[in-house]
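A.B. asks: This note's numbering puts the first residue of the sequence shown at 2, with every later residue one more than the last.
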Amino acid sequence: MDWVIEARDLKKTYKMGEIEVHALRGVSFKIARGEVVAIMGPSGSGKSTMMNTLGCLDRPTSGEYILDGEAVANMTDDQLASVRNRKVGFVFQSFNLLSRLTALGNVELPLRYAGVREGRRERAKAALEAVGLGDRMTHRPYELSGGQQQRVAVARAIVNDPAIIMADEPTGNLDSKVGKEIMSLLLNLNKERGATLIIVTHDPKIAEQTQRVIRLRDGELDLSEEESEGGRK
Numbered sequence: 002m003d004w005v006i007e008a009r010d011l012k013k014t015y016k017m018g019e020i021e022v023h024a025l026r027g028v029s030f031k032i033a034r035g036e037v038v039a040i041m042g043p044s045g046s047g048k049s050t051m052m053n054t055l056g057c058l059d060r061p062t063s064g065e066y067i068l069d070g071e072a073v074a075n076m077t078d079d080q081l082a083s084v085r086n087r088k089v090g091f092v093f094q095s096f097n098l099l100s101r102l103t104a105l106g107n108v109e110l111p112l113r114y115a116g117v118r119e120g121r122r123e124r125a126k127a128a129l130e131a132v133g134l135g136d137r138m139t140h141r142p143y144e145l146s147g148g149q150q151q152r153v154a155v156a157r158a159i160v161n162d163p164a165i166i167m168a169d170e171p172t173g174n175l176d177s178k179v180g181k182e183i184m185s186l187l188l189n190l191n192k193e194r195g196a197t198l199i200i201v202t203h204d205p206k207i208a209e210q211t212q213r214v215i216r217l218r219d220g221e222l223d224l225s226e227e228e229s230e231g232g233r234k
């Protein structure tokens with residue numbers, strides 16, 4: 002099996018004054034390349050910590066994390082930033098677009114951070130066309146609907162051809178019709194590009210569209226339901 006993510010005994014402890022908060026308590030699992038996985042759990046279960054760890058926004062206190070063949074658990078901040086930019090595309094609930102930039106400018110940002118110069122604009126245009134926004138490239142976020150802004154965010158996530166797309170409640174700020182369109186877009190991009198899709202969600206209807214559900218509770222895998230099958234084949 003070609004594993005794009007291997008997590009072994011991941012632990013994350015935060016100190017709040019004299020109190021230690023154990024956000025992850027020895028979590029282990031693997032995710033295959035091209036797989037579509039949902040991460041679910043109640044508030045305080047460790048979902049956000051897991052997302053930050055898998056997305057290289059933070060490092061575990063202990064344990065091993067292999068992302069697309071690279072051991073990242075003990076990397077420096079600069080090394081993590083480099084891996085994150087090359088290997089991970091993020092889609093957030095609140096879009097996180099820069100208001101002063103056009104759609105094209107927002108999508109170009111990961112390429113700028115990666116030091117890409119040649120063909121940068123062409124790659125950004127191609128990403129916007131892939132999400133159906135070829136006619137909105139010069140629009141700024143305030144000139145776009147919520148669904149269009151999220152499509153820009155998806156284009157930004159895929160422009161570097163990442164190994165994984167990490168979507169945090171990607172339909173949370175959208176109405177049900179537009180939310181379905183965004184989910185369909187993400188699933189189609191997974192099929193077309195082969196990038197692993199990891200969706201952090203509270204919504205069982207979203208989870209049903211994935212191939213597998215990883216459930217967390219109190220910083221541990223919920224073994225009663227962990228890695229149960231989703232509804233997507």
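Ideal Cβ positions, reconstructed from N, Cα and C, are used throughout, including at glycine.
For the pair the stretch 26–37 and the stretch 4–14, tell me if three or more CB-CB distances fall below 8 Å.
C.D. replies: yes
A.B. asks: From Asp162 to Glu19, what distance separates their C-alpha atoms?
C.D. replies: Working through the sequence shown from its first residue, we reach residue 162 at position 161. Working through the sequence shown from its first residue, we reach residue 19 at position 18. Going by the C-alpha atoms only, they are around 43 Å apart.
A.B. asks: Can you tell me whether Gly45 is buried or exposed, with buried defined as 16 or more other CB within 10 angstroms of its CB?
C.D. replies: As a first step, residue 45 must be located in the sequence shown, where it is residue number 44. Using a 10 angstroms sphere on the CB of Gly45, the tally of other CB atoms stays under 16, which defines it as exposed.
A.B. asks: Ordered along the chain, which non-local residues of its own chain (more than five positions away) have a Cβ less than 7 Å from that of Asp3?
C.D. replies: Position 2 of the sequence shown holds residue 3. Correct list, in chain order: Ala33 and Arg34.
A.B. asks: Measure the alpha-carbon distance for Val117 versus Leu217 and round it to whole angstroms.
C.D. replies: Working through the sequence shown from its first residue, we reach residue 117 at position 116. Working through the sequence shown from its first residue, we reach residue 217 at position 216. Distance from the CA of Val117 to the CA of Leu217, rounded to the nearest whole angstrom, comes to 38 Å.
A.B. asks: Output the boundary residues of the beta strand (DSSP E) element that contains Met17.
C.D. replies: Within the sequence shown, residue 17 is the residue found at index 16, counting from 1. Where Met17 is concerned, the enclosing beta strand (DSSP E) stretches over Trp4 to Met17.
A.B. asks: Taking the CB atoms as reference points, tell me whether Ala196 and Ala164 lie closer together than 8 Å.
C.D. replies: Residue mapping note: residue 196 aligns to position 195 of the sequence shown, counting from 1. Residue mapping note: residue 164 aligns to position 163 of the sequence shown, counting from 1. Cβ distance < 8 Å, so Ala196 and Ala164 count as in contact.
A.B. asks: Rounded to a whole number of angstroms, what is the C-alpha to C-alpha distance between Asp59 and Glu221?
C.D. replies: Within the sequence shown, the letter at position 58 stands for residue 59. Within the sequence shown, the letter at position 220 stands for residue 221. Taking the straight line joining both Cα atoms gives about 18 Å.
A.B. asks: As an exercise, report each continuous alpha helix (DSSP H) stretch of at least 4 residues that is fully enclosed by the stretch 166–197, in chain order.
C.D. replies: 177–194
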